[in-house]
Amino acid sequence: MNKKVNVPKYGKPVVFLSRLERERYAFEAMQETFTCDEGVFRLVPRIDEETVRLNVKEMAGDIVGHLGGRPFLMIVLLEGAKPWAEWLLREFPVRPEVRYVKVSSYCGTETTGEVTLPRDWGVLAPDMPVLVVDDVLDSGLTLKAVKEDLENRGVRCVLMAVGVDKKPGRRVSVEADFRALEMGAEFLVGCGMDYNGHFRELPYIATVVFEGDHKKALQG
């Protein structure tokens, strides 16, 4: 907590910050401004890399505990889920079979409502659990389509793990079995999440905020 010390009359209280608080303020101050066709926007840091990694580690423990040592197939949805999958794999005691597949439903900041699924998921064993990893669960359209398609192909256990769960944006009934973080409706980038292909490489999570009257904050 901040410690306040009274100073002479007409002065303002002096606030002493801990090291962690100073680092947090420095992180939040790392705002950058960019220009695109939609206007001028800022990237406002929200979740630092250390916090992201700690939450992924906890999620990995939940996954391992749920599967109880059974072998499983991990399907990673490109491109956004790659960093989350890499972090998860570092925490698993035994490496699962991993497949990377391209699935998409977004263009810019809005979902198109049409999900593009792969024609071939590879060999699927009905009794082997499948863990689908994605960067963000927002509208739910993508993960709902993925789960239904895998179940229609005979997989009896389809589990879903997401980096960020944004429940305010849900358009269909679907929930993640495992999640690292829960956030609101703002549009997020970093840690695999992108804005028109940009900012995936950021090691932290930031919000895209437009200046002026155009948009207070993008919602995905």
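Letter by letter, the sequence shown follows residues 11 to 230 in my numbering. The beta carbon of each residue, even a glycine, is placed where N, CA and C say it ideally should be. None of these values were measured; they are calculated from a predicted model.
query                                                                                              : result
Rounded C-alpha distance that separates E89 from V199                                              : 13 Å
CB contact flag (V146, Y110, <8 Å)                                                                 : no
Alpha-carbon to alpha-carbon, V140 and S169                                                        : According to the sequence provided, residue 169 is Leu. The question's Ser does not apply to it. So the alpha carbons of these two residues sit roughly 6 Å apart.
Assigned exposure category for P136 - 16 Cβ within 10 Å defines buried                             : exposed
Cβ pair R63, W97 closer than 8 Å                                                                   : yes
Beta-ladder partner(s) of G200, from DSSP                                                          : M203
Span separating the alpha-carbon of R210 from that of W94                                          : 12 Å
Helix, strand or coil at E124 according to DSSP, with G and I counted as helix                     : strand
Counted within 10 angstroms of its Cβ, other Cβ atoms place G179 as buried (16 or more) or exposed : buried
Collapsed DSSP secondary structure at E107 in the structure displayed                              : strand
Pair within 8 Å by beta-carbon distance, V108 and T152                                             : no
Own chain, CB closer than 6 Å to R189, minus 5 neighbours either side, in chain order              : V172, D175
Interface flag, V184 vs chain B, CB-CB below 8 Å                                                   : Considering every chain present, this structure includes no chain B. It has just one protein chain.
Residues near A91 in its chain [Cβ-Cβ closer than 8 Å; skip 5 each side]                           : V143, D144, D145, G173, G202
Rounded separation between F220 and P213 - CA only                                                 : 21 Å
Spatial distance of F197 from G207 (CA atoms)                                                      : 14 Å
Among V218, K177, R80, nearest to L191 - alpha-carbon criterion                                    : K177
Local conformation of P55 per DSSP, three classes                                                  : strand
Per-residue DSSP class, three states only, for E192                                                : strand
Distance between R52 and T217 (C-alpha atoms, nearest Å)                                           : 8 Å
Where V66 falls, given that 16 or more other Cβ within 10 Å makes a residue buried                 : buried
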